[in-house]
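Okay, so the sequence shown: first residue is 1 according to full-length UniProt numbering, each after it adds one. Glycine included, C-beta positions come from ideal geometry on N, C-alpha and C. Here the structure comes first, spelled out in structure tokens, and everything after it is commentary.
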Amino acid sequence: MNVIRIAIAGFGGVGRATANLLLSRREAYRQVYRADVRLVAICGSRSGMMDVGGIEADRFDSLEPGLSGPDFIEASDADILVEAGPSDFRTGGPGLAYIRSALSAGRDTIVISKGALVHSGRELQALAQASGAMLKISGAAAAALPTVDLLEHSLKGSEVLEIEGILNATTNFLLDAMTAQGLGFDEALRQAQTGGFAEADPRNDTEGWDTASKLLIIANFGLGAELTMDDLAVEGIQSVTRERIEAWHVQGLVPKLVGHLTNSNGEIRASVGIRTYPLADPLANVRGKDKAIRITTDAMGETVAIGAGREPLATAAAALKDFEHILMARCGRPTPPEKAS
Ligand SMILES: NC(=O)c1ccc[n+]([C@@H]2O[C@H](COP(=O)([O-])OP(=O)(O)OC[C@H]3O[C@@H](n4cnc5c(N)ncnc54)[C@H](O)[C@@H]3O)[C@@H](O)[C@H]2O)c1
Ligand SMILES: N[C@@H](CCO)C(=O)O
């Protein structure tokens, strides 16, 4: 039985949900991958815990001050880092130092925050390649909605011509609440914050930056583009007034905040802004905090995925999907569960 040691840096809503889900799936990992999975280190910005024997959920509220930072994670000698700190695309956020350090040491890394991937994605890919570590990013690339997976696996070989993505749950929730329920912006935002899917600073959602971050990550990691935030024109939903909503309604149109990308002979252009869709379009029917992606390719036509789950569980599950892909690569193909006799 392989022992697989996990560390989690960033222990807020998503980090903690990931830890709980990981612990609840240990028996399945044991049976399917013959892997003894242990949570050996967790940390927030100022406190943490390390135990090579494994940390159980009843100790999550007893973190010790001073145990935090990339060196703390290094000292845990974990095999895999899950990074779930705040997203800051302007600086890379605190995640950048953790991810750099883990990849440099050859540690497989599952990234949930977006900042480091937007700010230093190429550098991190190069570090992973040099050390042989796996770098997984589903949590940062719209989480429960498959995006990079579709590009890397399902549509392999076809040329992507266009992507349209409703990639931000908060703005879709806000627009849907304002359009379909007539709710005011402030009340809808309060509900998004209570739901745990709005960013700590919700302007990152409403001004389009979260959508832009995800689109850039999808383009750079899924299509091999080399976009920076300066390459994207980014518009949020601030300009959406009750009058504009009513005018669209009269025309039978539904507004969505969309990340849009075109690929013309390798020249990739991307932007974020409001697009309107007729009711018959699947993107018009993406409701509440659901997200969606439409990918148009030369040979496989249009593929549309729509989805979401309850947060923060859904994002935790996306990160642990990445974890299982690492287990498959490192521990071999899954074995079927034993049948009861
Ligand atoms: N909530 C969602 O629905 C969702 C979905 C996909 C991705 N994400 C991303 O996941 C990340 C975490 O989201 P969340 O909702 O848990 O946010 P959160 O604010 O609840 O948690 C972030 C945690 O990181 C900790 N942190 C800050 N600086 C740190 C440092 N230097 N070292 C270690 N920890 C540090 C904070 O103390 C906080 O506990 C964010 O980057 C977010 O964009 C969230
Ligand atoms: N704030 C983001 C969640 C993190 O990706 C959203 O609303 O989609």
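*In angstroms, rounded to a whole number, what distance separates the CA positions of Ile237 and Ile295?*
Between Ile237 and Ile295, the C-alpha separation is close to 23 Å.
*Compute the distance between the beta-carbons of Ala35 and Ile55, then report whether it is under 8 Å.*
Remark: C-beta atoms of Ala35 and Ile55 do not approach each other more closely than 8 Å.
_Helix, strand or coil, according to DSSP, for Lys114 in the structure here?_
DSSP, read as helix, strand or coil, puts Lys114 in coil.
*Just checking my contact of Ile166 with Lys256 at CB under 8 Å: how many whole Å lie between their CB atoms?*
For Ile166 against Lys256, the beta-carbon gap comes to about 5 Å, under 8 Å, which counts as contact.
*Is it right to say Leu261 is buried, meaning 16 or more other beta carbons lie within 10 angstroms of its own, or is it exposed?*
Result: buried.
*Going by C-alpha distance, which of Thr276, Ile112 and Leu253 is nearest Pro94?*
The option with the nearest alpha carbon to Pro94 is Ile112.
*Going by the CB atoms, is the gap between Ala141 and Gly309 shorter than 8 Å?*
No; because the gap between Cβ atoms is not below 8 Å, this pair is not in contact.
*Buried or exposed: Thr335, going by 16 or more other Cβ atoms within 10 Å of its Cβ?*
Under a 10 Å Cβ-count criterion, Thr335 is classified as exposed, with fewer than 16 other Cβ atoms of the shown protein chains found around its own Cβ.
_alpha helix (DSSP H) runs contained entirely in the region 200-262, provided each spans 4 or more residues_ = Segments of the alpha helix (DSSP H) lying fully in the region 200-262: 203-206, 209-217 and 242-250.
*Below 8 Å on the Cβ atoms is my guess for Asp176 versus Gly288; work out the distance and round it to an integer in Å.*
Taking the Cβ atoms as the reference, Asp176 lies roughly 6 Å from Gly288, within the contact range of under 8 Å.
*asked:* Tell me whether the region 5-19 and the region 108-122 touch, counting them as touching only if at least three CB pairs, one residue from each stretch, are closer than 8 Å.
replied: Result yes; three or more Cβ-Cβ pairs closer than 8 Å.
*asked:* Ser45 and Leu67 - do their beta-carbons sit closer together than 8 Å?
replied: Result no, Cβ atoms of Leu67 and Ser45 do not sit closer than 8 Å.
*Residues bridged to Glu49 [DSSP beta-bridge criterion]*: Just to set this straight, residue 49 is Met in the shown sequence, not Glu. As a beta-bridge residue in DSSP terms, Met49 pairs with Ile42.
*In chain order, what residues of the same chain lie with their CB nearer than 7 Å to the CB of Gly92, ignoring the 5 residues before and after it?*
Result list for Gly92: Gly115, Ala116, His119 and Ser120, in chain order.
*Straight-line CA distance for Ile218 to Gly252?*
Rounded to the nearest angstrom, the two C-alpha atoms are 31 Å apart.
*For Leu22, name the three-state secondary structure that DSSP assigns.*
DSSP places Leu22 in helix when its eight states are reduced to three.
*Determine whether the Cβ of Ser101 lies closer than 8 Å to any Cβ atom of chain D.*
Checking the listed chains, one finds no chain D in this structure; it contains a single protein chain.
*Could you name the residues of the same chain whose beta carbon sits closer than 7 Å to that of Asn20, not counting the 5 residues immediately before and after it, in chain order?*
Residues Ala57 of the same chain have their beta carbon placed closer than 7 Å to that of Asn20, with the five preceding and five following residues left out of the count.
*asked:* According to DSSP, simplified to helix, strand and coil, what is Val148?
replied: Residue state, collapsed to three classes: helix.
*Where does Leu279 land, buried or exposed, given buried means 16+ other C-beta within 10 angstroms?*
By the Cβ neighbour-count rule, Leu279 is exposed, with fewer than 16 other Cβ atoms within 10 Å of its own.
*asked:* Cutting at 8 Å between CB atoms, please list the residues of its own chain near Ile245, excluding the five before and the five after it.
replied: When the five nearest sequence neighbours on each side are left out, the beta carbons in the same chain lying within less than 8 Å of the beta carbon of Ile245 are those of Met178, Thr179 and Pro255, in order along the chain.
*Starting from Ile73, trace the alpha helix (DSSP H) both ways and give me its first and last residue.*
First-last of the alpha helix (DSSP H) with Ile73: Pro70 to Ser76.
_Rounded to whole angstroms, what is the Cα-Cα separation between Tyr277 and Leu22?_
Straight across, the Cα-Cα distance linking Tyr277 with Leu22 is about 39 Å.
*What do you reckon, are the CB atoms on Arg100 and Ala78 nearer than 8 Å?*
Not closer than 8 Å, so no.
*Measure the C-alpha to C-alpha separation of Asp205 and Leu189 and round it to an integer number of angstroms.*
Cα-Cα distance, rounded: 10 Å.
*Please check the pair Ala292 and Leu232, which I expect to be a contact at CB under 8 Å, by giving their CB distance rounded to whole angstroms.*
About 19 Å; that fails the 8 Å criterion.
*8 Å Cβ cutoff met for Thr211 and Val272*: Against a cut-off of 8 Å, the Cβ pair of Val272 and Thr211 comes out as a contact.
_Output needed for Pro202: all residues of its chain with C-beta closer than 8 Å, excluding positions within five of it in sequence on either side, in chain order._
Answer for Pro202: Thr170, Leu189, Ala192 and Gln193, listed in chain order.
*Alpha carbon to alpha carbon, what distance is there between Cys331 and Val37?*
Counting only the Cα atoms, Cys331 lies some 12 Å from Val37.
*So, using beta-carbon positions, are His325 and Lys136 closer together than 8 Å?*
Contact: yes.
*How would you write the range of the beta strand (DSSP E) that Arg294 sits in, first residue to last?*
Membership of Arg294 in the beta strand (DSSP E) is indicated by the continuous run Lys291 to Thr297.
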